[in-house]
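For any residue, its number in this note's numbering is found by taking its place in the sequence shown, counting from 1, and adding 168.
For every residue, glycine included, the Cβ atom is placed at its ideal position computed from N, Cα and C.
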Amino acid sequence: MPYEVQGVIARAKGQEVSLETVVVPDPGPGEAVVNVQACGVCHTDLHYREGGINDDFPFLLGHEAAGVVEAVGPGVTDVAPGDFVILNWRAVCGQCRACLRGRPWYCFNTHNATQKMTLKDGTELSPALGIGAFLEKTLVAAGQCTKVSAEAPAKVAGLLGCGVMAGLGAAINTGGVSRGDSVAVIGCGGVGNAAILGAALAGASKIIAVDVDDRKLAWARDFGATHTVNSRENDPVAAIRDLTGGFGADVVVEAVGRPETYEQAFYARDLAGTVVLVGVPTPEMKLELPLLDVFGRGGSLKSSWYGDCLPSRDFPMLIDLFLQDRLPLDRFVTETIVLDQVEEAFAKMHRGEVLRSVVKF
169 MPYEVQGVIA
179 RAKGQEVSLE
189 TVVVPDPGPG
199 EAVVNVQACG
209 VCHTDLHYRE
219 GGINDDFPFL
229 LGHEAAGVVE
239 AVGPGVTDVA
249 PGDFVILNWR
259 AVCGQCRACL
269 RGRPWYCFNT
279 HNATQKMTLK
289 DGTELSPALG
299 IGAFLEKTLV
309 AAGQCTKVSA
319 EAPAKVAGLL
329 GCGVMAGLGA
339 AINTGGVSRG
349 DSVAVIGCGG
359 VGNAAILGAA
369 LAGASKIIAV
379 DVDDRKLAWA
389 RDFGATHTVN
399 SRENDPVAAI
409 RDLTGGFGAD
419 VVVEAVGRPE
429 TYEQAFYARD
439 LAGTVVLVGV
449 PTPEMKLELP
459 LLDVFGRGGS
469 LKSSWYGDCL
479 PSRDFPMLID
489 LFLQDRLPLD
499 RFVTETIVLD
509 QVEEAFAKMH
519 RGEVLRSVVK
529 F
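Rendered as structure tokens:
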């Protein structure tokens, strides 16, 4: 029997979200219904509301979530009712050319639930990143459920579902940060600070945090930054070069998603260094660089999709590190809120007042 629950809906570009009744169908083949226990308020949700992803309104927002499986459909064997899971938005298929070549984190055929959640009048909803978790129960593909230890609080575990995993993975998986490397991170929100934490975890010797907000730079110190640069007051490229013997950083993570900060990252890296773009740009943004400089500097220019993570591998490992007090995921949670405070949380996020607001159910 379908469930009726309250969910956060974005009906039109730039319009404030509303709390409305959502109809969640029983799970079909390969699907699962999950009781959401906590869901982080991620900047990507705001991108959806602002039309920065696509225009498939109305959207059911929320995707950075953890909870307990309530029911599964036919053919589901990897998870069962009662399992504590983190939801992921890259459920790998195992059959595409990337998966068959042993690179499932690049899966080209990730899948979502086949059925649609709807409003009471039958209007189909577009779930954010194929999840839609600002509601008490959500319908997902079973492959979007990654089982982890239930000892972890949901408000912490859910953060691996998007932002924290994106930043950690940008440094460790995509950037390949290793012992003794110098690393710069431009943009010190939730994703950027996760990249700083990842660089510290990997053994980077110098970690330079760059932002326009001293409050965020103070957070960056807490996550392992050895140096900070306020780019309102200082040229970040010159500052990063000064701090790295004039060479530039081995790895620069751009966690803003803007052409001007990407250009800073490009020129702030060492020759043959690596730039990792993990900040999400909007469709109208353009980048212009002298092609000779791209050729002459060598190295790697990479984009990091979801931190190039493999949820089945990375989520349980990172939760274990948290439970061993080796990964301070709880520091990302600035506040816990209830469902009707999501719009207010967007405003706080836009003003840079929080790392993460987390909805608790």
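What does the Cβ neighbour count give for E199, buried or exposed, with the cut at 16 atoms within 10 Å? For the purposes of this step, residue 199 is taken as residue 31 along the sequence shown, with counting starting at 1. So E199 ends up on the buried side.
Considering only their Cβ atoms, is the gap separating V506 from A206 smaller than 9 Å? As a first step, residue 206 must be located in the sequence shown, where it is residue number 38. As a first step, residue 506 must be located in the sequence shown, where it is residue number 338. The Cβ atoms of A206 and V506 lie no closer than 9 Å to each other.
(message) Please tell me whether G344 and E232 are closer than 9 Å, where the distance is taken between their beta carbons.
(response) Numbered from 1 along the sequence shown, position 176 holds the residue referred to as residue 344. Numbered from 1 along the sequence shown, position 64 holds the residue referred to as residue 232. No, the Cβ-Cβ distance between G344 and E232 is not below 9 Å.
Exercise for review: Report the three-state DSSP secondary structure of H552 (helix, strand or coil).
Suggested key: Residue 552 is absent from the model: the chain starts at 169 and stops at 529.
So, does the segment 351-367 touch the segment 462-469, judging by three or more C-beta pairs under 8 Å? The way I'd put it, the segment 351-367 doesn't touch the segment 462-469; fewer than three beta-carbon pairs between them come closer than 8 Å.
Check your understanding: Fully enclosed by the segment 449-480, which alpha helix (DSSP H) runs are 4 residues long or longer?
Key -> 459-465
Notebook entry, point to check: Can you check whether the CB of V351 is closer than 9 Å to the CB of V247?
Noted result: One-based indexing of the sequence shown puts residue 247 at position 79. One-based indexing of the sequence shown puts residue 351 at position 183. Not a contact, by the Cβ cut-off of 9 Å.
Taking the alpha carbon of L445 as the reference point, which residue from Y474, G219, D508 has its own alpha carbon closest?
As a working mapping, residue 445 is identified with position 277 in the sequence shown. L445 has its Cα closest to that of Y474, out of Y474, G219, D508.
Between F415, A320, Y430, A301, which lies nearest to D493 when the distance is taken from Cα to Cα?
Taking the first residue of the sequence shown as position 1, residue 493 is located at position 325. With distances taken between Cα atoms, D493 lies closest to A320.
If you count every other CB in all the chains shown that lies within 10 Å of the CB of G357, and 16 or more means buried, which is it?
Reading the sequence shown from its first residue, position 189 is the one you call residue 357. By the neighbour-count rule (16 or more Cβ atoms within 10 Å), G357 is buried.
I346: which of A259, I375, G331 sits nearest, CA to CA? Taking the first residue of the sequence shown as position 1, residue 346 is located at position 178. Ile is not the amino acid found at residue 346; the sequence shown has Ser there. Nearest option by C-alpha distance: I375.
**Report entry** Status (buried if at least 16 other CB within 10 Å, exposed otherwise) for T504
**Finding:** The residue you call residue 504 lines up with position 336 of the sequence shown. Answer is exposed; the Cβ neighbour count stays below 16.
Does the Cβ-Cβ distance between H211 and G331 come in under 9 Å?
As a working mapping, residue 211 is identified with position 43 in the sequence shown. As a working mapping, residue 331 is identified with position 163 in the sequence shown. Going by C-beta atoms, H211 is nearer than 9 Å to G331.
Item to complete: With a cut-off of 8 Å on the beta carbons, I'd call F225 and R258 a contact; round off their distance for me.
Response: Taking the sequence shown and counting its residues from 1, the one referred to as residue 225 is at position 57. Taking the sequence shown and counting its residues from 1, the one referred to as residue 258 is at position 90. That belief does not hold up - the Cβ atoms of F225 and R258 are roughly 23 Å apart, past 8 Å.
Burial state of K323, where buried means 16 or more other Cβ atoms lie within 10 Å: Position 155 of the sequence shown, counted from the first residue, corresponds to residue 323. K323 should be labelled buried.
Buried or exposed for N222, please, with buried defined as at least 16 other CB atoms from any protein chain shown within 10 angstroms of its CB. Taking the first residue of the sequence shown as 1, we reach residue 222 at position 54. By the neighbour-count rule (16 or more Cβ atoms within 10 Å), N222 is not buried but exposed.
Delimiting residues of the beta strand (DSSP E) encompassing G371 = Here residue 371 refers to the residue found at position 203 when the sequence shown is read from its first residue. First-last for G371: undefined, no H or E at that position.
(message) If the criterion is Cβ atoms closer than 9 Å, does the pair T342 and D476 meet it?
(response) As a first step, residue 342 must be located in the sequence shown, where it is residue number 174. As a first step, residue 476 must be located in the sequence shown, where it is residue number 308. The answer is yes: Cβ separation under 9 Å.
Report yes or no: do three or more beta-carbon pairs, one from the segment 235-243 and one from the segment 184-198, lie closer than 8 Å?
-> The segment 235-243, when compared against the segment 184-198, does touch it at the 8 Å Cβ threshold.
message = Going by DSSP in three states, I221 sits in which element: helix, strand or coil?
response = Here residue 221 corresponds to residue number 53 of the sequence shown, with the count starting at 1. Coil, per DSSP.
(message) For A513 and L497, what's the separation of their Cα atoms in angstroms?
(response) Here residue 513 corresponds to residue number 345 of the sequence shown, with the count starting at 1. Here residue 497 corresponds to residue number 329 of the sequence shown, with the count starting at 1. Those two C-alpha atoms are separated by around 19 Å.
Close Cβ partners of P295 (< 6 Å) along its chain, the five nearest in sequence each way excluded = Translated into the one-based positions of the sequence shown, residue 295 becomes position 127. L228, listed in sequence order.
Margin query: Please state the DSSP three-state secondary structure of V421.
Written below: One-based indexing of the sequence shown puts residue 421 at position 253. Strand at V421.
| said: Counting only C-beta atoms, is R437 closer than 9 Å to chain B at any point? | reply: Absent from the structure is chain B; it holds one protein chain and no more.
For N277, collect the residues of the same chain with a Cβ closer than 6 Å to its Cβ; drop the 5 residues on either side in sequence, then sort them by chain order. Position 109 of the sequence shown, counted from the start, is the residue given in the question as residue 277. So the qualifying residues of the chain are C261, C264.
#### Entry: Cβ distance (whole Å) where G208 is taken to contact R524 below 8 Å
Along the sequence shown, read from residue 1 onward, the residue named residue 208 stands at position 40. Along the sequence shown, read from residue 1 onward, the residue named residue 524 stands at position 356. 5 Å between Cβ atoms; contact.
inquiry  = Taking only three categories from DSSP, how would you classify G198?
reply    = Sequence index remark: in the sequence shown, residue 198 carries index 30 (1-based). DSSP places G198 in coil when its eight states are reduced to three.
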